[in-house]
Every structure is written in C-alpha cells, then in structure tokens.
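Notes to accompany the following structure.
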Amino acid sequence: ICIMKLILLGLYIALKCAQCVDDTERAIDAKFAIGRGAIGDRILGGAAVSETELPYVVTLLRHGVHDCGGSIVNEHYVLTAGHCIHRDDKYTVRAGTGVWRGKGEDHNATEFILHPKHDDKYIKSYDIALVKVEPPFNFSDKIRAVELPTFLESPPPGTKVLVSGWGAIALNPQKMPDELHAVHLYVISNEQCEKYYPGEIKDYMLCAGFDGGGRDACFGDSGGPLVDEKGRQVGVVSWGPFAMCASPDQPYGVYTDVAVVRDWIANVTGA
C-alpha cells in the first residue's frame, strides 16, 4: 500500500510539472510569434470571436479546407488577397459561422478578379482580389457586408484597428484553430514601417501591429479584413516578417490599403 501511495504521489507530481510546462509554453505562445514565409497568415495574441460579432468575415475553402480569409463587400462579392487566388483550384466561400468547419452558408466562387496592377512575379504588388459568389449572400445577423472607406481615406498613424482570421495561434503552425480569432493593433506611418522593411513599402500598402510585438496576423489569416473603430475595412492581410510574425524586432505586418484601391472595388462591384 505504501509503495502504491508513493507511485501515485510520483504520478501526481509528474502531471503537475507537465501542466506547469504547458502553461509556460502557452504564455510564450501568446507573447511571441511562429516562423513564416515572406507572405504569411496568423492571428497571434488575440481571442476567439463569434460570427455575430464579425458577420462580414468569410473563409475561403480550397478543396474543402480553410485557405484564406475574406470579407463580404455586397451580396455578390468578397474581398481577399491577390496571393490567395489560384485560378485552377476550386474554392467555396463559407459565411455565417465563427467555426470554419462548422455549418455556415456555402457559396461557389465563380469568378476571380485580381487588381490590374497585381503582378504574380511580385505577389506583394497590389495584393488584393475580388471573388464573385453564387448564389448571392442572404444577409442576416450572421451575414452582412463590411463598410468600406471613401477613396484615399487611409487611416492615420495611431488608428486603433482590428484584424481577424482563422490563422495559427501558436508556435506550431500545424495547430490551426477552428474558431475565428481577432486582435487589436495600431496603424503606423509608411515612413516608420519602411525602417523595418527597407525598400519594400509602397503607397498602396499600410502597416499595423503592436509596439514590442506579441500581436499580429500570420499563417492562415491572409486575405482577412483589417477594420477601424467605425467598422470600416481599411486593409487586407498581405505579408509580414520573413522569419517571425509578432516579433519584437519586426512587430508590424503589412496590409493592402483599401482606400487606395477603393475606386477599383466600386467599378467592379458597384459597392
């Protein structure tokens, strides 16, 4: 009996120690970023949200699996990143759900329209696209269009913004969440952003992040919306640090500036 008690005590201590390690890893996960490529995709340092909180967010399913995020422009169109589009693949746009594997309203992606200045050889260039869907969206408390800014109404530095998506939330990029996550960031000037990405920042881009790192968009969040406090979509998740997102050394991600391409969106969609 004494031996059994000692064994049980040992197991209890081992389990508690394992729990301590897990808690430490989770704390690190919330503070630092995972590695990614030049074009990357993830919400880090945020929290889960529901479809009624962000009813304009959709997932682009590629061969039935979440590939990129997007936002509803009107009953017929979704806004996403240009580098998310692979013309030969089949996409389904799922709306009205905060869980991408869950039951939502599915729509076929019938047409892909890349910005005319997008260059496949330099995928960061005008990294924005529109996806036409069939059937049209049925608007409800779970599904509605996002507001858009007026032409050239870019957010000034210091603007508080919200980015959302189904991207990875831990150091392991294979551990992708089913739930939609979101995190608050702040816009910085392109001049300041240029210090982190010399020669890379163009006038159709904007940068947002959190001073000191720990919050960012990364793996799986590409194409998702960046909105301001008025609910207007000011950016589309595009790219970020080569080695790490939410890195203290490079704490800002790069987005396509929606206001710069607002006239193109209006011409294509009528929105």
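Read left to right, the sequence shown gives residues -18 to -1, 1 to 253 (mature numbering (1 follows the signal peptide of the UniProt record, and there is no 0)). For each residue, glycine too, the CB sits at the ideal point set by N, CA and C. Note that this is a predicted model, so its numbers are computed, not measured.
Query: Name the DSSP bridge partner or partners of residue 207?; Result: 218
Query: So, helix, strand or coil for residue 19, using DSSP?; Result: Any reading at residue 19 is ruled out, since the residue's pLDDT is 27, under 50, leaving its predicted position unreliable.
Query: Which term fits residue 39, buried or exposed, when burial requires 16 or more other beta carbons within 10 angstroms of its beta carbon?; Result: buried
Query: Nearest to residue 128 by alpha carbon, out of 199, 77, 181?; Result: 77
Query: Distance check for residue 64 and residue 93, CA to CA, integer angstroms please.; Result: 13 Å
Query: Thinking C-beta only, is residue 239 closer than 8 Å to residue 217?; Result: yes
Query: Residues in the same chain with beta-carbon distance under 7 Å from residue 205, minus the five sequence neighbours each way, listed in chain order, please.; Result: 42, 50, 51, 52, 62, 63, 66, 218, 219
Query: Per DSSP, what kind of secondary structure is residue 191 in: helix, strand or coil?; Result: strand
Query: Within the same chain, show all residues whose beta-carbon is closer than 7 Å to that of residue 160, passing over the 5 residues directly before and after it, in chain order.; Result: 81, 82, 83
Query: Less than 7 Å between C-beta atoms, sequence neighbours within five positions excluded: which residues of the same chain meet that for residue 68?; Result: none
Query: Quick one: Cα of residue 10 to Cα of residue 248, how far?; Result: Residue placement at residue 10 cannot be trusted, given a pLDDT of 19 that sits under 50; the coordinates are not used to answer.
Query: Would you mind listing the beta strand (DSSP E) stretches within the stretch 104 to 137 that are 3+ residues and don't spill past its ends, in chain order?; Result: 111 to 116
Query: Assuming residue 118 and residue 176 form a contact by the criterion Cβ under 8 Å, report the distance between their Cβ atoms to the nearest whole angstrom.; Result: Incorrect: roughly 41 Å between the Cβ atoms, too far for contact.
Query: In three-state DSSP terms, what is residue 50?; Result: strand
Query: Classify residue 265 as helix, strand or coil using the three-state DSSP reduction.; Result: What is shown of the chain runs -18 to 253, which leaves residue 265 out entirely.
Query: So for residue 161, helix, strand or coil by DSSP?; Result: strand
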